[in-house]
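In what follows, a structure is listed as structure tokens, so that the remarks can point back to it.
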Amino acid sequence: MTTTSPALGPLVAVYGLVGHDERLLVVRDSDAITYRLPGGFVRAGEAVEDALRRILREQVDAHAAHLDFCAAVELRNQHPGTQPTVFELALLFDVTLIDPSAVRVDHGEARWATDTELDHLDLRPTALADRLRNGGPTREQPWWPARS
Numbered sequence: 001m002t003t004t005s006p007a008l009g010p011l012v013a014v015y016g017l018v019g020h021d022e023r024l025l026v027v028r029d030s031d032a033i034t035y036r037l038p039g040g041f042v043r044a045g046e047a048v049e050d051a052l053r054r055i056l057r058e059q060v061d062a063h064a065a066h067l068d069f070c071a072a073v074e075l076r077n078q079h080p081g082t083q084p085t086v087f088e089l090a091l092l093f094d095v096t097l098i099d100p101s102a103v104r105v106d107h108g109e110a111r112w113a114t115d116t117e118l119d120h121l122d123l124r125p126t127a128l129a130d131r132l133r134n135g136g137p138t139r140e141q142p143w144w145p146a147r148s
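FYI, full-length UniProt numbering numbers position 141 of the sequence shown as 141, with every residue one higher than the one before it.
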């Protein structure tokens, strides 16, 4: 007999596409081997844009001058074993920082990556990285559903 665990979510997350001098900001925690866009989960009762501003302050000590919605991405994270599938609705914003040179992290790494460097970085979530490497968000395609 096969048992299935219920899916959780969707959880709501926000990620920043933070660009400066033709480079994209990516971060890595001190105990991680993979990079990711600055971002994280929206807290209960928190507005989406407020969440991204908070996360940018917490992760890279940066303040956003402007946020511009780009895309909504449906992510499916399936963990082996007993954990259920987790669905995440990730909202992507183009972010302009007040002072990009002030970006810093206390634990981990922040780097400005070129398009060529992004092609070789282990960027997570993988579904999001694949979409960014293949054209990224466009006004014509702001919704990226999870692929089966």
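Built from N, CA and C at the ideal position, the CB exists for glycine as well.
Just so we're clear, the structure is a prediction, and the values are computed from it rather than from any experiment.
First through last residue of the alpha helix (DSSP H) which encompasses residue i
| i | result |
| --- | --- |
| E49 | 48 to 60 |
Helix, strand or coil at residue i [DSSP, three-state]
| i | result |
| --- | --- |
| R23 | strand |
| T116 | helix |
| A129 | helix |
| P10 | strand |
| A102 | helix |
| Q141 | strand |
| R147 | coil |
Range of the contiguous beta strand (DSSP E) that encloses residue i
| i | result |
| --- | --- |
| D94 | 86 to 97 |
| A44 | Run containing A44: none; DSSP gives neither H nor E here. |
| H66 | 64 to 77 |
Distance between residue j and residue i (C-alpha atoms, nearest Å)
| i | j | result |
| --- | --- | --- |
| F87 | A72 | 13 Å |
| A32 | G108 | 8 Å |
| R147 | Q141 | 15 Å |
| D119 | N134 | 10 Å |
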